[in-house]
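Asks:
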Amino acid sequence: MSWFQGLVATWPGRLVALVIVGAIVGGGYAISNATATPAKTDYRTAPVTRGAVTQTVAVSGSINAAAQVRLNFKQGGRLSEVMVIVGQQVSAGQVLARIDATDLANAVTQAQASVASAQARYQQVVSGADANDLASAQQNLAKVQAGYASQKGIWQSASSGARSDASSVIGSLDPLQAILDRAYSELQPVAQPTPTITPRPTQAPPQATPTPVPTPNTSTADARTAQNAVSQAQLSLSNVRSSGIDQLWQAIGDYTTASLNIANAVAQFDSAIAGGGDTTSASLAFQNAQGAYTTASSRLSSVIDAVNSTVLSMQTSLTTAQNALNNPGSRFDFNLDNARADVASALGIVGSAQLNTQSAKTKLGQADKALSTVSDTVTGAYVSAINNIAKVTATPKPGDVASALASVTSAQASLDNANNNLANATLIAPVAGAIASINGQVGEQIGSPTSGFIVMAATGAIALHGTIGESDIAKIRLGQVANITVDALGAGTRMTGKVTSLDPVATIQQGVPVYGVDVTVDLPSTGVRPGMSGTAQVIIANKTGVLTVPNLAIKSQSGRRYVQVLLDGQPVDTDVQFGIANETVTEVTAGLKEGDLVVLPQPRSSPSGANIRVGPGGPPQQIGR
C-alpha cells in the first residue's frame, strides 16, 4: 500500500485516488442492482362489510318556541279576576283568569233541578202508579162528574129563566098603551081648560045664558107637565113596540133554538158516557151547537139592552109625570085622581119590565158561565179523567218509558252543558309557557278577540327552525325523525325530534332559493333556550345489514362510478351498483361480496417515507422499506 500512500501525499495524487475509489464503489452498486429482485407494491385497502347506513339531510338554524297559544273565554262575560302578569312563566293547568259566573252557576242549579224532575218522572213511569195515584185519578173523575152535573143543571135553569124573563118584558108592555092613552086624556081638561067668556060692558046681553065651565082648583102647569111626560112615555112605547119587540121576539126564538141544540148534544154525550161508547161525535156536535148558541146569546143580550134602554126612558118620563101630579098645589085635586092612578099603574108596569130585563141579562150570564164548564167536560175533561184512570192502572208502555228516559237524557245533557259553561268561566293554561300579552282589565266586558285575550309562548314545546336548499327539500317529509344537537350544549347532548313544518314556497336569500323547515324537539334537554343555534340531522333513509364500502374507495370517471378490488395483489377496476350513502360509507347493492378488499387512495407519505396499508379488522399499518 506504500504506493497508495505516496499517491495521496500530494494534491494531484489525492484527486486521482478519489476518482479510483468512486469508480470502484459505483461499479459495485451497479452490479448489485442488476442482480437484485424487484420490490413488491403495497396497497391501502378496506374490506366490504355488512352494517347500517343512515342517510340524513342537515338543517341548521335556531331554537324557538314551537308556537304561540291564543287563549279566549268560550263565551263573553265581565272579567272578574286575572291571576298572571306579562312575562310570567306558567305551567300547564294553571289558572290564568276568570269571568263572573253568577248566572252560569244559577243555570247549573236549574239544570240540576230539571234532571231531578226528569228522573223522578222516569221512575214513576217505569214503576207504574201506586194506590195514591189511583185514588187521585178517581177523585178527579168524581170531581169532573159532579161539576158537570151541577153546571149542566145551572145552565138548563138559567137559559130557561132568561127566555122566560125576556118574554115577560113583552107581555108586561102590552096593557101599557091603553093606560098611557087614558092618563093622557084624563089630564087634558086640567092641562088645557076651556076658557070662560066675559061679556063686554057695551055689548048687549046674549039672548041665551051659556053653561059655565068649572075651573080646576089645581095648577094647570103641573097638569101640563104631567101630560107632556105621559106623551113622551107614549112616544118611547111606540118606538119599542114598532121595532124593539119584534127584534126581541126574534132573538128569543134564535136563543131557544140554539139552547135546544145544546141540550140535544149534551143528551148525546150523556148517552155515550152511559153506554161506554165513543164520545167524539157528541163532542163535535156540542162544539158546533156551542158556536151557534154563543151567537144567539150575544144577540139576545144586545136586544134586551136596547129594550131596557127604552123602558128606562119611559120610567123616567112617568116618574116626572107622577112628581108633577104630587106637587103640593095638585096633590089634593080630585080632578087629577084618575090620571094620578093611571100614571102610578103605568110606572108599576114599566118597573116590572125593567126588572125582567135585568133578570134576563143576569140569567144569560149565568147560563154562559155554566155552559163553559159543560163545554170543558164534554170536549175533553171527562174523557181525560176516564183515560187517566186507565193509564194509572195500565202497564207502562214502551213508548212512555222511552219518552221519559229521553227526557232524563235531555235534562242531563243540559246539565252537562251548564257545567261546561261554568267551567269555561275559568281560563286555564293548556301548556307550559310564558305570558306574552293580556288584552283586558278586571271589570271589562270580555268577548272573543281574534288576537286572543291572553297570548302565551308555549316554551314547553320547542322547535329548531332552519333552512335547506332546493336540492334537499324534495327529500324531506313531514313526520320524519331527526337527531338534534345544540351548539351551546355540545355534540354530546343529542335530542330527537320530528319534522313538523315545511315551507310550501321558497324564500330568496342572497339570490339563492331556500325553504324553511321546523323540527319540533320531542323532549328538550335541560338548558335549551329559545334563540340557541343548532343542527337537525333529518333521517331520510336507513338500512341495516347491508354491504357497505368506504366512500374513499369510490372512483368517478366520465359519469362512471366504480371501485378497484385487490385480486392476487393487483387492483382490478370493478363496476358496482350503489344504494344510499352517508358521509362515510355507501351501500352496495350489486357487484361486490362481503370480504372483498377495495383499494383506497394512497395517503401522503409519512415523515419516514413509509407506506400505509389498511387491512381488514385492524388499524392502518406502517410498512418500512
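Letter 603 of the sequence shown, counting from 1, is numbered 604 in the working numbering, and no numbers are missing. The beta carbon of each residue, even a glycine, is placed where N, CA and C say it ideally should be.
With distances taken Cα to Cα, identify the nearest neighbour of residue 494 among 386, 521 and 485.
Replies: The residue you call residue 494 lines up with position 493 of the sequence shown. Of the candidates 386, 521 and 485, the one whose C-alpha sits nearest the C-alpha of residue 494 is 485.
Asks: Between which two residues does the beta strand (DSSP E) holding residue 595 run?
Replies: By one-based count along the sequence shown, residue 595 stands at place 594. Per DSSP, residue 595 belongs to no beta strand (DSSP E) and is neither H nor E.
Asks: Could you pull the start and end residues of the beta strand (DSSP E) that residue 476 belongs to?
Replies: Within the sequence shown, residue 476 is the residue found at index 475, counting from 1. Counting along the chain, residue 476 falls outside any beta strand (DSSP E), and DSSP gives it neither H nor E.
Asks: Hey, how far is the Cα of residue 259 from the Cα of residue 343?
Replies: Taking the sequence shown and counting its residues from 1, the one referred to as residue 259 is at position 258. Taking the sequence shown and counting its residues from 1, the one referred to as residue 343 is at position 342. Computed Cα separation, rounded: 40 Å.
Asks: Could you check what DSSP says for residue 332 in three-state terms: helix, strand or coil?
Replies: As a first step, residue 332 must be located in the sequence shown, where it is residue number 331. The answer is coil: DSSP assigns residue 332 none of H, G, I, E or B.
Asks: Would you grab the beta carbon distance between residue 339 and residue 191 for me? Rounded to a whole angstrom, and I think it's under 8 Å.
Replies: On the sequence shown, residue 339 is found 338 positions in, with the first residue counted as 1. On the sequence shown, residue 191 is found 190 positions in, with the first residue counted as 1. In fact, because the Cβ distance is near 11 Å, the residues do not count as touching under 8 Å.
Asks: Run through the segment 77-148 for me and flag every whole alpha helix (DSSP H) of 4 or more residues, listed as ranges in chain order.
Replies: Segments of the alpha helix (DSSP H) lying fully in the segment 77-148: 103-128.
Asks: Looking at the unbroken alpha helix (DSSP H) that takes in residue 222, where does it start and where does it end?
Replies: Here residue 222 corresponds to residue number 221 of the sequence shown, with the count starting at 1. 221-240 is the span of the alpha helix (DSSP H), which, as asked, contains residue 222.
Asks: How is the alpha helix (DSSP H) around residue 256 delimited, first residue to last?
Replies: The residue given as residue 256 occupies position 255 in the sequence shown. Its alpha helix (DSSP H) spans residues 246-276.
Asks: Please say whether residue 433 and residue 91 have beta carbons closer to each other than 9 Å?
Replies: For the purposes of this step, residue 91 is taken as the residue at position 90 of the sequence shown. For the purposes of this step, residue 433 is taken as the residue at position 432 of the sequence shown. The answer is yes: Cβ separation under 9 Å.
Asks: Residues in its own chain within less than 8 Å of residue 185 by CB, not counting five upstream and five downstream?
Replies: Along the sequence shown, read from residue 1 onward, the residue named residue 185 stands at position 184. Excluding sequence neighbours, residue 185 sits near 228, 231, 232 and 235.
Asks: Can you give the Cα-Cα distance for residue 547 and residue 596, rounded to whole angstroms?
Replies: Against the sequence shown, residue 547 aligns to sequence position 546. Against the sequence shown, residue 596 aligns to sequence position 595. Cα to Cα, the separation comes out at about 13 Å.
Asks: Could you work out which residue in 43, 48, 44 and 267 is closest to residue 550 when comparing CA atoms only?
Replies: Along the sequence shown, read from residue 1 onward, the residue named residue 550 stands at position 549. Of 43, 48, 44 and 267, the residue nearest in Cα terms is 48.
Asks: In the DSSP output, which residue or residues are listed as bridge partners for residue 572?
Replies: Position 571 of the sequence shown, counting from 1, holds the residue named residue 572. Partner(s): 567.
Asks: Hey, residue 592 and residue 576 are a contact pair by Cβ (cut 8 Å); roughly how many whole angstroms apart?
Replies: Counted from its first residue, the sequence shown places residue 592 at position 591. Counted from its first residue, the sequence shown places residue 576 at position 575. That belief holds up - the Cβ atoms of residue 592 and residue 576 are roughly 6 Å apart, short of 8 Å.
Asks: So, is residue 417 buried or exposed, given that buried needs 16 or more other C-beta atoms within 10 angstroms?
Replies: Position 416 of the sequence shown, counted from the start, is the residue given in the question as residue 417. Its Cβ having fewer than 16 others within 10 Å, residue 417 is exposed.
Asks: Could you tell me which uninterrupted alpha helix (DSSP H) segments, each at least 4 residues in length, are contained entirely in the segment 388-439, listed from first to last along the chain?
Replies: Correct list: 399-424.
Asks: In angstroms with no decimal places, state the Cα-to-Cα distance between residue 668 and residue 108.
Replies: Lying before the first or after the last residue shown, residue 668 is absent from the chain, which here runs from 2 to 626.
Asks: Skipping 5 residues on each side, what residues in its chain have a beta carbon closer than 8 Å to that of residue 280?
Replies: On the sequence shown, residue 280 is found 279 positions in, with the first residue counted as 1. Result list for residue 280: 270, 273, 274, 379, 383 and 384, in chain order.
Asks: Whose C-alpha, out of 466, 265, 440 and 492, is nearest the C-alpha of residue 531?
Replies: Here residue 531 refers to the residue found at position 530 when the sequence shown is read from its first residue. When only C-alpha atoms are compared, the closest one is 466.
Asks: Rounded to the nearest angstrom, what separates residue 247 and residue 381 at their Cα positions?
Replies: As a working note, residue 247 is residue 246 in the sequence shown. As a working note, residue 381 is residue 380 in the sequence shown. Answer to the nearest angstrom: the Cα atoms are 39 Å apart.
Asks: Taking residue 483 and residue 520 to be in contact with their CB atoms under 8 Å, please state how far apart those CB atoms are, rounded to whole angstroms.
Replies: Position 482 of the sequence shown, counting from 1, holds the residue named residue 483. Position 519 of the sequence shown, counting from 1, holds the residue named residue 520. Right, the Cβ-Cβ distance comes to about 5 Å (below 8 Å), so this counts as a contact.
Asks: Below 7 Å CB to CB, which residues in the same chain sit around residue 155 once its five sequence neighbours on both sides are set aside?
Replies: Mapped onto the sequence shown, residue 155 falls at position 154. Contacts found: 367 and 371.
Asks: Using three-state DSSP, classify residue 530 as helix, strand or coil.
Replies: Counting from one through the sequence shown, the residue named residue 530 turns up at place 529. Here residue 530 sits in coil by DSSP.
Asks: Can at least three beta-carbon pairs, one atom from the segment 417-431 and one from the segment 134-152, be found at a separation below 8 Å?
Replies: Cβ pair count under 8 Å is below three, so no.
Asks: Taking residue 456 as the reference, give the member of 513, 98 and 193 with the closest Cα.
Replies: For the purposes of this step, residue 456 is taken as residue 455 along the sequence shown, with counting starting at 1. The option with the nearest alpha carbon to residue 456 is 98.
Asks: For residue 291, does the three-state DSSP call read helix, strand or coil?
Replies: The residue you call residue 291 lines up with position 290 of the sequence shown. Residue 291: helix per DSSP, three-state reduction.
Asks: When DSSP builds the beta bridges, which residues end up paired with residue 544?
Replies: As a first step, residue 544 must be located in the sequence shown, where it is residue number 543. Residue 544 pairs with 54.
Asks: Do the segment 249-256 and the segment 344-360 touch if we need at least three Cβ pairs shorter than 8 Å?
Replies: In short, these stretches do not touch, since the Cβ pair count stays below three.
Asks: Check each candidate in 183, 96 and 311 and name the one with the smallest Cα separation from residue 242.
Replies: What you label residue 242 is simply residue 241 of the sequence shown in a count that begins at 1. Among 183, 96 and 311, the Cα nearest to that of residue 242 belongs to 311.
Asks: Cutting at 8 Å between CB atoms, please list the residues of its own chain near residue 276, excluding the five before and the five after it.
Replies: Here residue 276 corresponds to residue number 275 of the sequence shown, with the count starting at 1. Excluding positions up to five away in sequence, the list is empty.
Asks: So what's residue 193 in DSSP terms, helix, strand or just coil?
Replies: Here the question's residue 193 lines up with position 192 in the sequence shown. Coil, per DSSP.
Asks: Residue 304 to residue 361, Cα distance in whole Å?
Replies: As a working note, residue 304 is residue 303 in the sequence shown. As a working note, residue 361 is residue 360 in the sequence shown. The alpha-carbon atoms of residue 304 and residue 361 are separated by roughly 11 Å.
Asks: Which term fits residue 488, buried or exposed, when burial requires 16 or more other beta carbons within 10 angstroms of its beta carbon?
Replies: Here residue 488 is taken as the residue at index 487 of the sequence shown, counted from 1. By the neighbour-count rule (16 or more Cβ atoms within 10 Å), residue 488 is not buried but exposed.
Asks: Which one of 369, 357 and 594 has the shortest CA to CA distance from residue 153?
Replies: On the sequence shown, residue 153 is found 152 positions in, with the first residue counted as 1. Here the closest residue by C-alpha is 369.
Asks: Leaving aside the five residues before and after residue 533 along the sequence, list all residues of the same chain whose C-beta is less than 6 Å from its C-beta, in chain order.
Replies: Locating residue 533 in the sequence shown gives position 532, where the first residue counts as 1. Closer than 6 Å at the Cβ level, and outside the excluded window around residue 533, lie 64, 487 and 489.
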